[in-house]
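Please read the structure below before turning to the comments.
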Amino acid sequence: MSDPSTEPAEAAFSFLGDGLRLAILRALAEREARAGPREDAMAYSDLRRAVGERDSGKFSYHLGKLTGRFVEKTPEGYRLREPGRETVRLLERGVVDGDADLDAAPVAARCPLCDARVRVTYGDHHLFACCSECAGLFGADECPEGTVTGIVLPPAVVEDLDPTPLFERAHRVFERRLRPMFEGVCLECGGEVDGRLRRCPDHDPGPSGICPECETASPLLAELVCETCGRGRVSHPLFGNPGADDVDATGDGTWTGPAVAGDAGGTAAAWDRFGSFLAWTPTAREDGAVAFDPPSGDGQVVVSPDLRVIE
Numbered sequence: 013m014s015d016p017s018t019e020p021a022e023a024a025f026s027f028l029g030d031g032l033r034l035a036i037l038r039a040l041a042e043r044e045a046r047a048g049p050r051e052d053a054m055a056y057s058d059l060r061r062a063v064g065e066r067d068s069g070k071f072s073y074h075l076g077k078l079t080g081r082f083v084e085k086t087p088e089g090y091r092l093r094e095p096g097r098e099t100v101r102l103l104e105r106g107v108v109d110g111d112a113d114l115d116a117a118p119v120a121a122r123c124p125l126c127d128a129r130v131r132v133t134y135g136d137h138h139l140f141a142c143c144s145e146c147a148g149l150f151g152a153d154e155c156p157e158g159t160v161t162g163i164v165l166p167p168a169v170v171e172d173l174d175p176t177p178l179f180e181r182a183h184r185v186f187e188r189r190l191r192p193m194f195e196g197v198c199l200e201c202g203g204e205v206d207g208r209l210r211r212c213p214d215h216d217p218g219p220s221g222i223c224p225e226c227e228t229a230s231p232l233l234a235e236l237v238c239e240t241c242g243r244g245r246v247s248h249p250l251f252g253n254p255g256a257d258d259v260d261a262t263g264d265g266t267w268t269g270p271a272v273a274g275d276a277g278g279t280a281a282a283w284d285r286f287g288s289f290l291a292w293t294p295t296a297r298e299d300g301a302v303a304f305d306p307p308s309g310d311g312q313v314v315v316s317p318d319l320r321v322i323e
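Per the numbering used here, the very first residue in the sequence shown carries number 13; after that it's consecutive.
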């Protein structure tokens, strides 16, 4: 027996199980990209010509199936509704086509944990930045050996860039994604984000460098999860946190000012800032907050259990 709560979604996806219907959505999207979303609707004859379907009956049947849910019919013709636009976005990003091909490739960056060379690889729609020598930061089964970061990116972006520019863009994107989530808002859907400190009570990295309990090298990380769409991020509690905008990440004056201040620090700024925060020493407080001390010993920052910078 099907779940009644999923029946509308099942019906919507079943409508898309045809190449002609997807071609119709793409044709309407291409016209919007050229003319703008508020341009006049696309006439029936122009849409059929753009799709290249000679059988008018077949074309009308499939267009009718899309109309009302994915396509809007107006006196002037047809235009996409937002579910139709979102479907095309999903297709163009390559998310439903499988992963892009990217074997382990070196990039112009050093591991913040051991200073060895960093390489990138791609799998499960994540770009992984991995250390070539140490165990990295994450040791979960789904992460390649030596993983320091894993960032969601669509295959279309991965296929368009060389490894180093791809690595740099991924970390800039990751930082910008984090900022609104620390503020409690998901940019993917507008939902409310639950942010919390994740502490490993029995943290013991041992010789491997990765704790078997939490599967990370760090005893404390920030977890941010959207309560609507389920989008989740894991990061250092200060990286991307708007409350840490004026924090000097290295303790020597290298990083100051807004954490997302364009490219003032160079295109590798996000990676360097993330790595710098990893060197800060966390100390748990009785109230559940955590105090972070930089390597210099000056400029302690305190983060509450819900990830707000409070001191």
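Quick reminder that beta carbons are idealized off the backbone N, C-alpha and C, glycines included.
As the structure is a prediction and not an experimental result, all values here were calculated from the model.
Endpoints, the beta strand (DSSP E) within which V197 is located:
Indexing the sequence shown from 1 puts residue 197 at position 185. V197 -> no beta strand (DSSP E), and no H or E assigned at all.
Distance CB(V246)-CB(E239) smaller than 8 Å
Within the sequence shown, the letter at position 234 stands for residue 246. Within the sequence shown, the letter at position 227 stands for residue 239. Contact flag unset, no.
For H138, which of helix, strand or coil comes out of DSSP?
The residue given as residue 138 occupies position 126 in the sequence shown. In the displayed model, H138 falls within a strand according to three-state DSSP.
With a floor of 4 residues, list each alpha helix (DSSP H) that falls wholly inside the region 57-85, ordered by position along the chain.
The region 57-85 contains these whole alpha helix (DSSP H) runs: 68-78.
Sequence-distant residues of its chain with Cβ nearer than 8 Å to C142 (five each side left out)
Numbered from its first residue, the sequence shown carries residue 142 at position 130. Here the set comprises A116, V130, R131, V132, T133, G148, P156, E157, G158, T159, V160.
Can you tell which of G221, E227, V302 has its C-alpha closest to the C-alpha of E323?
For the purposes of this step, residue 323 is taken as residue 311 along the sequence shown, with counting starting at 1. Looking at the Cα atoms, V302 is the closest of the given residues.
Where P213 falls: helix, strand or coil (DSSP)
Here the question's residue 213 lines up with position 201 in the sequence shown. DSSP places P213 outside both helix and strand once states are collapsed to three, so it counts as coil.
G89 versus D299, F150, I36, residue with shortest Cα-Cα distance:
Locating residue 89 in the sequence shown gives position 77, where the first residue counts as 1. Distances from the alpha-carbon of G89 to those of D299, F150, I36 put I36 closest.
Throw me the rounded Cβ distance for the L232 and R210 pair, which I believe falls under 8 Å.
Taking the first residue of the sequence shown as position 1, residue 232 is located at position 220. Taking the first residue of the sequence shown as position 1, residue 210 is located at position 198. Confirmed, about 7 Å.
With 16 other Cβ atoms within 10 Å as the buried cut-off, status of P307
The residue you call residue 307 lines up with position 295 of the sequence shown. Exposed, by the Cβ-count rule.
Rounded straight-line distance, which links the Cα of R285 to that of T228:
In the sequence shown, residue 228 corresponds to position 216, counting from 1. In the sequence shown, residue 285 corresponds to position 273, counting from 1. Spanning the two alpha carbons is a distance of roughly 19 Å.
Looking at C-alpha atoms only, which residue of G203, E204, D299, D127 is the closest neighbour of W283?
Walking along the sequence shown from the start, residue 283 turns up at place 271. It is D127 whose Cα lies nearest to the Cα of W283.
Return the CA-CA distance between Y73 and V169, expressed in angstroms with no decimal places.
In the sequence shown, residue 73 corresponds to position 61, counting from 1. In the sequence shown, residue 169 corresponds to position 157, counting from 1. The alpha-carbon atoms of Y73 and V169 are separated by roughly 35 Å.
Relative to the C-alpha of F289, which candidate in C123, R189, H137, C241 has its C-alpha closest?
Mapped onto the sequence shown, residue 289 falls at position 277. Comparing alpha carbon positions, the residue from C123, R189, H137, C241 closest to F289 is C123.
Excluding the 5 residues preceding and the 5 following E42 in the sequence, name in chain order all residues of the same chain whose CB lies nearer than 8 Å to its CB.
Looking up residue 42 in the sequence shown gives position 30. The residues are A62.
Output needed for D214: all residues of its chain with C-beta closer than 7 Å, excluding positions within five of it in sequence on either side, in chain order.
Counting from 1 along the sequence shown, the entry for residue 214 is found at position 202. Cβ neighbours of D214 beyond the five flanking positions: E225.
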